[in-house]
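Visitor: Before anything else, here's the structure in question.
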Amino acid sequence: MKNGFRQSMAWLHTWTGLLVGWLLLLIFMAGTASYYREEISRWMRPELPSARVSTDVAAQRAIAFLQDKAGNAEMWYVTLPQPRNPAMSTFWRVPADQADPSKGRRGAFGDATLDPNTGGELKARDTRGGDFFYRLHFDLHYIPVYWARYLVGFCAMFMLVAILTGVITHKKIFKDFFTFRRDKGLRSWLDFHNVSAVMALPYHAMITYTGIVTLMVMYLPWGVKAVYPQDEDAFFAEAFGGLPEVSAPAEGRATPLPIAQLLDSARAQWNGIDVAGFTVSNPGAGNAVIDIRQRDGKRLSTDTPALRYDMVSGALLEASPPSGGATATRGVMYGLHLARFADGGLRALFFLSGLTGCLMVASGVVLWAVKERPKHAKRGRVGFGLRLVDALNIGTVAGLPIAFAAYFWGNRLLPLDMAERSGAEANVFFYAWAAALLAAFLWPKRLMWAWQLYIGAATFALVPVVNAFTTHAHLGVTMRSGDWVLAGFDLSMLAFGAVLALCGWRMQRWTPPLSAAEKKKRAAAAKAPAAPATTSADASV
Amino acid sequence: MTLFALTLSFSAFTALSLAMEKHPQDLHGAAAATPARRARWRVLGWILLAVALTLCVVDHGWAMGPVRWLGALTLSGVPLVFGLYPYRPTWIAPLAIALPLVGLVAALL
Numbered sequence: 000m001k002n003g004f005r006q007s008m009a010w011l012h013t014w015t016g017l018l019v020g021w022l023l024l025l026i027f028m029a030g031t032a033s034y035y036r037e038e039i040s041r042w043m044r045p046e047l048p049s050a051r052v053s054t055d056v057a058a059q060r061a062i063a064f065l066q067d068k069a070g071n072a073e074m075w076y077v078t079l080p081q082p083r084n085p086a087m088s089t090f091w092r093v094p095a096d097q098a099d100p101s102k103g104r105r106g107a108f109g110d111a112t113l114d115p116n117t118g119g120e121l122k123a124r125d126t127r128g129g130d131f132f133y134r135l136h137f138d139l140h141y142i143p144v145y146w147a148r149y150l151v152g153f154c155a156m157f158m159l160v161a162i163l164t165g166v167i168t169h170k171k172i173f174k175d176f177f178t179f180r181r182d183k184g185l186r187s188w189l190d191f192h193n194v195s196a197v198m199a200l201p202y203h204a205m206i207t208y209t210g211i212v213t214l215m216v217m218y219l220p221w222g223v224k225a226v227y228p229q230d231e232d233a234f235f236a237e238a239f240g241g242l243p244e245v246s247a248p249a250e251g252r253a254t255p256l257p258i259a260q261l262l263d264s265a266r267a268q269w270n271g272i273d274v275a276g277f278t279v280s281n282p283g284a285g286n287a288v289i290d291i292r293q294r295d296g297k298r299l300s301t302d303t304p305a306l307r308y309d310m311v312s313g314a315l316l317e318a319s320p321p322s323g324g325a326t327a328t329r330g331v332m333y334g335l336h337l338a339r340f341a342d343g344g345l346r347a348l349f350f351l352s353g354l355t356g357c358l359m360v361a362s363g364v365v366l367w368a369v370k371e372r373p374k375h376a377k378r379g380r381v382g383f384g385l386r387l388v389d390a391l392n393i394g395t396v397a398g399l400p401i402a403f404a405a406y407f408w409g410n411r412l413l414p415l416d417m418a419e420r421s422g423a424e425a426n427v428f429f430y431a432w433a434a435a436l437l438a439a440f441l442w443p444k445r446l447m448w449a450w451q452l453y454i455g456a457a458t459f460a461l462v463p464v465v466n467a468f469t470t471h472a473h474l475g476v477t478m479r480s481g482d483w484v485l486a487g488f489d490l491s492m493l494a495f496g497a498v499l500a501l502c503g504w505r506m507q508r509w510t511p512p513l514s515a516a517e518k519k520k521r522a523a524a525a526k527a528p529a530a531p532a533t534t535s536a537d538a539s540v
Numbered sequence: 000m001t002l003f004a005l006t007l008s009f010s011a012f013t014a015l016s017l018a019m020e021k022h023p024q025d026l027h028g029a030a031a032a033t034p035a036r037r038a039r040w041r042v043l044g045w046i047l048l049a050v051a052l053t054l055c056v057v058d059h060g061w062a063m064g065p066v067r068w069l070g071a072l073t074l075s076g077v078p079l080v081f082g083l084y085p086y087r088p089t090w091i092a093p094l095a096i097a098l099p100l101v102g103l104v105a106a107l108l
């Protein structure tokens, strides 16, 4: 440990940040992409319909489909078409004695994605869409979920430490609030790292803290274990559970009320807020009940209010109880992290703040290498540590964008009928990343930066082209029909390509700035007055 | 209304940067940075930030409004510091005047 509070905080900041930096960048990028999870899923299944019918018509068609396909089920779960996702998804559970025993626990469940325009089942390509990034964000891939979440939580704790120590270390946080000095080597990287952190500091602190909160019960299970030693499910039911369990199906059949009437009474209860979906328990039985869930968008919290109606008489049986202080706090934190409430404008703000976070992490790991390099240059050879960090920096900061774009290529180019297709798409992501890392380890030089950034630029910019060759939902169609979800996806791919190309060009054309001593020498040679005093002060920071 | 708050935050940050020692000299040379002027820029900057917050809260309530405001601050600050100050400083003053007008028109339409 170094002397002095600020120095020791600087030491802690450097090493906590560097240790988890690369994995953290993956987590940040996947999380940032997850703000557009639904839109990515939609783009990755171009077979889905784009026209929309009213919620009530869609709900009627879902009920008709389920009566036909899963009339014997104990439970139907329906997610209605949402503004961001025009398809309907359903799943159902059949009684244990009718389940398919060969599939184990999953044998009791069936699922289908429906076209709200026809009420028929949709056959879209097998893909995980944006859910891949969402899961990657906290479950990683290829490793057991349990270990992945501990690893991610470890990174998040280090991130929190890095944020706090970073604020303490940053001597002139207010004075340098607007300061970015270009073309000054280490100074510029330091400025860039500082500003990308400070400008979005509320976001960075919020997203890291609430990220840990989302998995707090897993990271700190002992409180629950102490109070509910035998039955943890009882804790979840009491803390977060909305409506109580329903009783077993009654004998005899009864005709339920029209679904539109039930949805209307829920809307009336909520002063017009629309419905996200519903769950029917004991469908067709005399004691069938329906739990109707409210749509997101009006609350920060993720705890969704729900109402339970008797499906035959239409009587309101229960409403989800108001949450207690602790549960509500958790709900708001969870909600802030996921930002499901965000409309278009706010979602864009979250996304851009997330990108700022990616830049902060990336510039942090690059900064370490830039700071370290002169020491190695003095010794005449690049040491193992710097070489390792250089390779990881190139393979992650420049390589990960290639992997993201490659994932979209995989979605369009892999054969539609191949087995395990969604898994193969994920493999494309990791093959591309592995190739970038391997190349970076073989030759961790500045030109490798430029090449990988150019390759990333090309793979992103060509996504709309690949899309045009493989689907009928390309820019020429989507822009004319005003389908801004699909068109926006293609246009943002072009924008990412342009930005990466600019970065590659800067990296290729970059020449090292003159050192203070070199500047003085030249100034003396030109017999001009000495360089301004600020230069030497800057170089010493 | 979010666009109006966003553009106001941009002008607010411009004013606050002009309230500092270094930045007015970048834009207008040393003469512009008298202490009295800097104090006036600081007051104007904080007023504009407060107006932007008020707009967000009036429009979206006390839960969503501050979230939106903080996002707008980030998004307006990043291009100012990374783009305009180092590469196009002469655009800052015209943009700081014109953008809120555009935002106001967009909010009224």
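These protein sequences, in sequence, are chains E and P. Under numbering that gives the first Met the number 0, the first sequence has 437 at position 438, and the numbering climbs by one with no breaks. Under numbering that gives the first Met the number 0, the second sequence has 36 at position 37, and the numbering climbs by one with no breaks. Ideal Cβ positions, reconstructed from N, Cα and C, are used throughout, including at glycine.
1) Note down the Cα distance separating E/Asp182 from E/Gly363, rounded to an integer number of angstroms.
2) Which one of P/Phe9, P/Ser10, P/Pro34 has the shortest CA to CA distance from P/Lys21?
3) How many angstroms separate the CA atom of E/Ile172 from the CA atom of E/Val194?
4) At 7 Å on the CB atoms, spell out the chain E contacts of P/Leu74, in chain order.
5) Could you check which residue in E/Gly152, E/Ala123, E/Leu121, E/Gly119 has the C-alpha nearest to that of E/His136?
6) Please classify P/Pro93 as buried or exposed, where buried requires at least 16 neighbouring CB atoms within 10 angstroms.
7) Rounded to whole angstroms, what's the CA-CA distance from E/Val212 to E/Arg521? Just pull it up for me.
8) When the Cα of P/Gly64 is compared with those of E/Phe495, E/Gly379, E/Gly344, which residue comes out closest?
9) Buried or exposed, going by whether 16 or more other CB atoms sit within 10 Å of the CB of P/Ser16?
10) Under 7 Å between beta-carbons, which chain P residues line up against E/Gly344? List them in chain order, please.
11) List, in order along the chain, the chain P residues whose C-beta lies closer than 8 Å to that of E/Phe179?
12) So which of E/Ser33, E/Phe191, E/Lys518, E/Arg60 has the shortest CA-CA distance to E/Pro257?
13) Please state the DSSP three-state secondary structure of E/Ile289.
14) So, with DSSP's three-state summary, where would you put E/Ala111?
15) For my contact list, P/Ala95 and P/Thr13 are in at a C-beta cut-off of 8 Å; report their separation, rounded to the angstrom.
16) Take E/Met74 as the anchor and find which of E/Leu24, E/Ala287, E/Ala29 has the nearest alpha-carbon.
17) Going by alpha carbons, who is nearest to P/Ala62 out of E/Met158, E/Arg298, E/Met205, E/Val166?
18) Who are the near neighbours of E/Leu22 in its chain, counting only those whose CB is closer than 6 Å to its CB and skipping five residues on each side?
19) Which same chain residues end up closer than 7 Å to E/Asp99 when comparing Cβ atoms and leaving out the 5 residues on each side of it in sequence?
20) Going by the beta-carbon positions, is the gap between P/Ala52 and P/Met0 smaller than 8 Å?
21) What number of angstroms, rounded off, separates the C-alpha of E/Phe108 from the C-alpha of E/Ser264?
22) Residues in its own chain within less than 6 Å of E/Thr395 by CB, not counting five upstream and five downstream?
23) Can you tell which of E/Pro321, E/Val93, E/Trp367 has the C-alpha that lies nearest to the C-alpha of E/Leu18?
24) Going by beta carbon distance, what residues of the same chain come within less than 7 Å of E/Ala72, once the five residues before and after it are set aside?
25) Please check if any C-beta of chain P sits within less than 8 Å of the C-beta of E/Met198.
26) For P/Gly64, go through chain E and note every residue whose CB falls closer than 8 Å to its CB, in chain order.
27) Determine whether the Cβ of P/Ala71 lies closer than 8 Å to any Cβ atom of chain E.
28) Check each candidate in E/Leu493, E/His473, E/Ala425, E/Tyr430 and name the one with the smallest Cα separation from E/Ala457.
29) Residues in its own chain within less than 7 Å of E/His12 by CB, not counting five upstream and five downstream?
30) Over what stretch of residues does the alpha helix (DSSP H) that includes E/Met87 continue unbroken?
31) Within 8 Å of any Cβ in chain E, is that where the Cβ of P/Ser16 sits?
32) In the DSSP assignment, find the alpha helix (DSSP H) that holds E/Asp232 and state where it starts and stops.
33) What did DSSP end up calling E/Ser33 once you bin it into helix, strand or coil?
34) In chain order, what residues of the same chain have a beta carbon less than 7 Å from the beta carbon of P/Ala105, not counting five sequence neighbours either side?
35) Could you tell me which chain E residues have their CB closer than 7 Å to the CB of P/Val77, listed as they occur along the chain?
36) Comparing the C-beta of E/Tyr202 with each C-beta of chain P, is any distance below 8 Å?
Guide: Let's see:
1) 17 Å
2) P/Pro34
3) 9 Å
4) Leu348, Leu351
5) E/Gly152
6) exposed
7) 56 Å
8) E/Gly344
9) buried
10) Thr1
11) Val80, Phe81, Tyr84, Pro85
12) E/Arg60
13) strand
14) strand
15) 4 Å
16) E/Ala287
17) E/Arg298
18) Cys154
19) Gly106
20) Here residue 52 of chain P turns out to be Leu, not Ala, going by the sequence shown. No.
21) 30 Å
22) Trp21, Leu24
23) E/Trp367
24) Trp91, Arg92, Val93, Pro282
25) yes
26) Simply none; closest approach about 10 Å.
27) yes
28) E/Leu493
29) Ala161, Thr164, Gly165, Thr168
30) Here E/Met87 belongs to no alpha helix (DSSP H); instead the beta strand (DSSP E) covers 87-92.
31) yes
32) 231-238
33) helix
34) Leu2, Phe3
35) Met198, Thr355
36) yes
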